[in-house]
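A.B. asks:
Residue numbers (the numbering used here): 481 to 884.
1. Mark residue 739 as exposed unless 16 or more other C-beta atoms lie within 10 angstroms of its C-beta, in which case mark it buried.
2. With the cut-off set at 9 Å, would you say residue 824 and residue 861 are in Cβ contact?
3. Could you tell me the alpha carbon to alpha carbon distance between residue 863 and residue 816, rounded to whole angstroms?
4. Compare the C-alpha of residue 834 against each of 585, 573, 778, 610 and name the closest.
5. Would you grab the beta carbon distance between residue 779 and residue 681 for me? Rounded to a whole angstrom, and I think it's under 8 Å.
6. Taking the straight line between their C-alpha atoms, what separation do you get for residue 844 and residue 716?
7. With a CB to CB cut of under 8 Å and the five nearest residues on each side skipped, what residues in its chain are close to residue 594?
8. Thinking C-alpha only, which one of 826, 827, 795 is nearest residue 813?
9. Tell me which residues share the same chain as residue 614 and place their Cβ nearer than 8 Å to its Cβ, disregarding the 5 neighbours each side in the sequence.
10. Assuming the contact rule is C-beta atoms closer than 8 Å, residue 797 and residue 828 should be a hit. Round their C-beta distance to whole Å, please.
11. Does residue 859 come out as helix, strand or coil in the three-state DSSP assignment?
12. Using DSSP bridges, identify the partner residues of residue 575.
13. With residue 619 and residue 723 assumed to form a contact (beta carbons below 8 Å), what rounded beta-carbon distance in angstroms separates them?
14. Given 8 Å as the limit, is there contact between the stretch 703 to 713 and the stretch 627 to 635, that is, 3 or more CB pairs closer than that?
15. For a quick check, are the C-beta atoms of residue 747 and residue 776 less than 9 Å apart?
16. For residue 604, which three-state DSSP category applies?
17. Between the alpha carbons of residue 867 and residue 592, how many angstroms are there, rounded?
18. Are the beta-carbon atoms belonging to residue 705 and residue 621 less than 9 Å from one another?
19. Given a threshold of 16 other Cβ atoms within 10 Å of its Cβ, counted over all protein chains shown, does residue 688 qualify as buried or as exposed?
20. Roughly how many whole angstroms lie between the Cα atoms of residue 787 and residue 654?
21. Relative to the C-alpha of residue 538, which residue among 625, 617, 668 is closest?
22. Under 9 Å between the Cβ atoms of residue 543 and residue 573?
23. Between the stretch 725 to 736 and the stretch 662 to 674, do at least 3 Cβ pairs fall closer than 8 Å?
24. Return the residue from the list 679, 686, 628, 656 that minimises the CA-CA distance to residue 647.
25. Beta-carbon within less than 8 Å of residue 742's beta-carbon, same chain only, minus the 5 sequence neighbours each way: which residues are those?
26. Quick check: residue 656 and residue 806, are their CB atoms within less than 9 Å of each other?
27. Should residue 667 and residue 649 be called a contact, given that it needs their Cβ atoms to be closer than 9 Å?
28. If you run the structure through DSSP and keep just helix, strand and coil, what is residue 580?
29. Rank 697, 684, 751, 808 by C-alpha distance to the C-alpha of residue 865 and give the top, closest one.
30. Helix, strand or coil: which one does DSSP assign to residue 822?
31. Check each candidate in 552, 541, 720 and name the one with the smallest Cα separation from residue 623.
32. Here's the rule I'm using: 16 or more other beta-carbon atoms within 10 Å means buried, otherwise exposed. How should residue 872 be labelled?
33. Taking the straight line between their C-alpha atoms, what separation do you get for residue 576 and residue 877?
34. Please give me, in chain order, every unbroken run of the alpha helix (DSSP H) with length at least 4 that falls completely inside the stretch 768 to 798.
35. Report the three-state DSSP secondary structure of residue 872 (helix, strand or coil).
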């Protein structure tokens with residue numbers, strides 16, 4: 481039985497009972513503590529590693545400002561501690577993390593509280609850069625839903641373990657946004673034009689597909705995770721090769737099945753390698769008419785569901801990301817994000833969240849409504865520098881240079 485550590489300030493402010501951890505089950509004893517205080521738990525293991533546990537299971541561990549802030553503080557403390565060799569992170573419940581808390585952002589935007597929105601994006605993007613430049617091995621256990629910001633806080637790390645329950649996606653174009661949280665970096669570095677396909681369709685990959693294309697480093701059945709955690713928790717090391725050997729001992733050799741998009745890389749490259757979204761759509765329509773292939777038809781339908789402006793912005797973002805470093809991608813995504821949520825170009829983000837998450841009518845009214853009506857000027861505005869009164873995202877690039 482191991483005690484979950486909570487911050488010292490909470491113990492002074494609040495009367496509470498201790499959270500206990502045993503065999504991957506959590507028992508929250510009666511507490512007057514606000515739920516925010518337990519949204520990131522800590523398992524100290526044998527003392528030489530640390531496990532951060534995203535703990536908003538009812539919200540699929542969607543990351544909010546509080547969680548990103550706490551993660552950043554914990555990681556900085558652990559990095560400076562010479563007695564800690566490596567870190568792990570996982571989610572509670574059926575998700576690793578479904579992304580950022582888009583509902584909270586939706587309400588903040590409609591309330592006019594843009595500063596809180598900016599704080600969220602600054603905090604999570606900075607944390608992602610910290611993960612991508614971390615000086616100690618980092619193991620993310622991606623069991624369950626891993627989307628958007630959830631992928632952002634894990635993929636830049638050293639090891640990512642996918643499972644038979646992992647579901648990955650970057651579905652931002654379906655809510656009038658763009659793949660962010662470093663997605664324009666890691667998607668653009670996938671084989672061929674798979675990154676464009678994932679960014680523009682928001683389609684899912686399973687754990688087998690993640691490890692096959694390189695988004696994950698290891699694959700294991702969910703049933704083996706407790707054993708993996710136990711073995712990792714026993715390690716007294718900061719050597720990545722030792723950790724990798726442990727992960728490989730409990731890994732499973734797998735191959736994507738015949739229905740996987742990874743078995744269709746040739747047509748993905750042929751269609752999604754074009755310069756414009758219109759050309760991509762045309763290529764898919766030609767392929768669908770010639771072959772009557774169900775994949776081509778479903779892919780076309782996904783593109784027609786997506787926000788037209790988001791499609792064009794996201795395609796350009798992935799293409800630029802292919803020639804940029806992680807910090808450059810995060811800084812550009814921050815500018816794009818502020819432009820996208822400002823409503824000065826379009827209100828698509830709030831409309832997309834409303835239609836898919838708030839009202840759930842699944843009938844967003846995009847503005848502009850079609851690809852043809854999306855002007856080049858609208859797309860260009862997403863990539864313009866912020867105004868002199870609006871500071872760019874500041875990342876500690878002089879002190880922490882990304883490894884990849």
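We treat Cβ as the ideally placed atom computed from N, Cα and C, and that holds for glycine.
C.D. replies: Quick answer:
1. Counting from one through the chain shown, the residue named residue 739 turns up at place 259. Burial call: exposed.
2. Residue numbering aside, residue 824 sits at position 344 when the chain shown is read from its first letter. Residue numbering aside, residue 861 sits at position 381 when the chain shown is read from its first letter. Going by C-beta atoms, residue 824 is nearer than 9 Å to residue 861.
3. Along the chain shown, read from residue 1 onward, the residue named residue 863 stands at position 383. Along the chain shown, read from residue 1 onward, the residue named residue 816 stands at position 336. Approximately 6 Å between the Cα atoms of the pair.
4. One-based indexing of the chain shown puts residue 834 at position 354. If we check each option's Cα against that of residue 834, 585 comes out closest.
5. Counting from one through the chain shown, the residue named residue 779 turns up at place 299. Counting from one through the chain shown, the residue named residue 681 turns up at place 201. So it is a contact: roughly 6 Å between Cβ atoms.
6. Counted from its first residue, the chain shown places residue 844 at position 364. Counted from its first residue, the chain shown places residue 716 at position 236. The alpha-carbon atoms of residue 844 and residue 716 are separated by roughly 52 Å.
7. Locating residue 594 in the chain shown gives position 114, counting from the first residue. Hits under 8 Å: 588, 821, 822.
8. In the chain shown, counting from the first residue as 1, residue 813 sits at position 333. Nearest C-alpha to residue 813: 795.
9. On the chain shown, residue 614 is found 134 positions in, with the first residue counted as 1. Once the five neighbours on either side are set aside, the close Cβ partners of residue 614 are 555, 559, 567, 637, 638.
10. Against the chain shown, residue 797 aligns to sequence position 317. Against the chain shown, residue 828 aligns to sequence position 348. In fact, because the Cβ distance is near 15 Å, the residues do not count as touching under 8 Å.
11. Within the chain shown, the letter at position 379 stands for residue 859. Residue 859: helix per DSSP, three-state reduction.
12. Here residue 575 is taken as the residue at index 95 of the chain shown, counted from 1. 625.
13. Locating residue 619 in the chain shown gives position 139, where the first residue counts as 1. Locating residue 723 in the chain shown gives position 243, where the first residue counts as 1. Going by Cβ atoms, the distance from residue 619 to residue 723 rounds to 6 Å, so yes, they are a contact pair.
14. no
15. Locating residue 747 in the chain shown gives position 267, counting from the first residue. Locating residue 776 in the chain shown gives position 296, counting from the first residue. Going by C-beta atoms, residue 747 is nearer than 9 Å to residue 776.
16. Here residue 604 is taken as the residue at index 124 of the chain shown, counted from 1. DSSP places residue 604 in helix when its eight states are reduced to three.
17. Residue mapping note: residue 867 aligns to position 387 of the chain shown, counting from 1. Residue mapping note: residue 592 aligns to position 112 of the chain shown, counting from 1. For residue 867 and residue 592, the distance between alpha carbons rounds to 19 Å.
18. As a working mapping, residue 705 is identified with position 225 in the chain shown. As a working mapping, residue 621 is identified with position 141 in the chain shown. Taking 9 Å as the Cβ cut-off, residue 705 and residue 621 qualify as a contacting pair.
19. Numbered from 1 along the chain shown, position 208 holds the residue referred to as residue 688. When all chains shown are included, residue 688 counts as buried.
20. Position 307 of the chain shown, counted from the first residue, corresponds to residue 787. Position 174 of the chain shown, counted from the first residue, corresponds to residue 654. So the alpha carbons of these two residues sit roughly 6 Å apart.
21. For the purposes of this step, residue 538 is taken as the residue at position 58 of the chain shown. When only C-alpha atoms are compared, the closest one is 625.
22. Taking the chain shown and counting its residues from 1, one reaches residue 543 at position 63. Taking the chain shown and counting its residues from 1, one reaches residue 573 at position 93. Not closer than 9 Å, so no.
23. no
24. Within the chain shown, the letter at position 167 stands for residue 647. Nearest C-alpha to residue 647: 686.
25. Counting from 1 along the chain shown, the entry for residue 742 is found at position 262. Answer for residue 742: 674, 689, 692, 693, 736, listed in chain order.
26. Walking along the chain shown from the start, residue 656 turns up at place 176. Walking along the chain shown from the start, residue 806 turns up at place 326. Remark: C-beta atoms of residue 656 and residue 806 do not approach each other more closely than 9 Å.
27. Here residue 667 is taken as the residue at index 187 of the chain shown, counted from 1. Here residue 649 is taken as the residue at index 169 of the chain shown, counted from 1. In this structure, residue 649 does not lie closer than 9 Å to residue 667 by Cβ.
28. As a position in the chain shown, residue 580 is number 100, starting the count at 1. In the structure shown, residue 580 sits in a strand (DSSP, three-state: E or B).
29. For this step, residue 865 is matched to residue 385 along the chain shown. Here the closest residue by C-alpha is 808.
30. The residue given as residue 822 occupies position 342 in the chain shown. Three-state DSSP puts residue 822 in coil, outside helix and strand.
31. In the chain shown, counting from the first residue as 1, residue 623 sits at position 143. Residue 623 has its Cα closest to that of 541, out of 552, 541, 720.
32. Along the chain shown, one-based indexing puts residue 872 at 392. Exposed, because fewer than 16 other Cβ atoms sit within 10 Å of the Cβ of residue 872.
33. Counting from 1 along the chain shown, the entry for residue 576 is found at position 96. Counting from 1 along the chain shown, the entry for residue 877 is found at position 397. If you take the alpha carbons of residue 576 and residue 877, they lie about 28 Å apart.
34. 774 to 785
35. In the chain shown, residue 872 corresponds to position 392, counting from 1. In this structure, residue 872 counts as coil in the three-state DSSP scheme.
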